[in-house]
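Trainee:
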Amino acid sequence: MSPKDRAPKKPDRDSPDSPIVHEYDGIIELDNQLPRWWVYTLLGAIIFAAGYWLYFHSAAQGDLASREYARWHAAEVAAEAERLKAAGEVTPELLLTLRKNPGTVEQGAGIFAENCVTCHGDGGKGMVGPNLTDDAWIHGSDPMALYKAVREGFPEKSMQPWGKALGEARTRAVVAYVISIKGTNVAGGKAPQGDKK
6 MSPKDRAPKK PDRDSPDSPI VHEYDGIIEL DNQLPRWWVY TLLGAIIFAA
56 GYWLYFHSAA QGDLASREYA RWHAAEVAAE AERLKAAGEV TPELLLTLRK
106 NPGTVEQGAG IFAENCVTCH GDGGKGMVGP NLTDDAWIHG SDPMALYKAV
156 REGFPEKSMQ PWGKALGEAR TRAVVAYVIS IKGTNVAGGK APQGDKK
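Counting from 6, one number per residue, gives the positions in the sequence shown under our numbering.
(1) Taking its Cβ as the centre, do 16 or more other Cβ atoms sit within 10 Å of P148, making it buried, or is it exposed?
(2) Is D68 helix, strand or coil when you go by DSSP?
(3) Alpha carbon to alpha carbon, how far is R156 from V183?
(4) With 16 as the cutoff for other CB atoms within 10 Å, does W205 come out buried or exposed?
(5) Check this for me: beta carbons of T138 and V191, under 8 Å apart or not?
(6) In the DSSP assignment, what are the bridge partners of W142?
(7) Report yes if the CB atom of Y152 is closer than 8 Å to the CB atom of V95, and no otherwise.
(8) So what does DSSP say about E34, is it helix, strand or coil?
(9) For M164, which of helix, strand or coil comes out of DSSP?
(10) Would a C-beta distance cut-off of 8 Å place G134 and C124 closer than the cut-off?
(11) Could you tell me the distance, in whole angstroms, from the CA atom of A91 to the CA atom of S63?
(12) Assign E28 to one of three DSSP states: helix, strand, or coil.
(13) Measure the Cβ-Cβ separation of A181 and L100 and say whether it is below 8 Å.
(14) Strictly by DSSP, which residues pair up with F159?
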């Protein structure tokens with residue numbers, strides 16, 4: 006059998022059963038049926054979308070993800086406010102006590118690793134920001150100075166205020182961690198900046 010005989014035969018346009026709808030410049034458009042699974046999937050998606058719209062938007066029966074998040078966030082804010090009331094006022098003694106709590110220091114180390122290493126380097130050795138492991142401090146090293154630095158930041162020096170982003174409990178935890186690494190003088194740390202305190 007020659008290659009010519011194996012080639013698919015062109016449908017006969019004049020036949021009453023011809024599937025040809027259009028032919029232009031030798032390009033043939035056939036009237037083929039879509040696969041049934043594809044049609045059922047399309048119909049199912051349309052029905053689902055209509056039901057979703059009616060349930061969530063028209064009848065407002067269910068909560069959209071944005072509403073659920075807003076409710077969850079409001080509950081988190083309220084819980085944070087309650088934790089603040091229970092923890093009481095921030096004092097140097099409280100921060101020094103938190104520094105001795107391994108769980109709080111570990112939590113603070115995780116928060117530091119997520120948010121602070123970009124500027125202060127791994128383990129606080131300093132990069133763009135100052136070294137937090139030596140004894141020289143630009144803005145003071147007493148617990149309340151550190152708490153204020155983390156909470157309010159120094160926007161003029163590109164350090165954002167972390168108080169709102171972290172929340173009170175996490176701010177206290179990261180301050181406890183920074184207090185715990187002060188004076189450890191990590192190898193390869195940035196040269197001291199500021200006054201020794």
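We treat Cβ as the ideally placed atom computed from N, Cα and C, and that holds for glycine.
Mentor: According to the structure data:
(1) By the neighbour-count rule (16 or more Cβ atoms within 10 Å), P148 is buried.
(2) D68: coil per DSSP, three-state reduction.
(3) If I take the Cα positions, the gap works out to 13 Å.
(4) What the structure shows of the chain is the stretch from 6 to 202, and residue 205 is not part of that stretch, so it cannot be assessed.
(5) A distance below 8 Å separates the beta carbons of T138 and V191.
(6) Under DSSP, the beta-bridge partners assigned to W142 are D200.
(7) Taking 8 Å as the Cβ cut-off, Y152 and V95 qualify as a contacting pair.
(8) The answer is strand: DSSP assigns E34 an E or B state.
(9) Judged by DSSP in its simplified three-state form, M164 adopts strand.
(10) In contact: G134 and C124 (Cβ atoms closer than 8 Å).
(11) In this structure, the straight-line span from the alpha carbon of A91 to that of S63 is close to 43 Å.
(12) It is a strand residue.
(13) Between A181 and L100, the gap from beta carbon to beta carbon is short of 8 Å.
(14) Beta-bridge pairing links F159 to M164.
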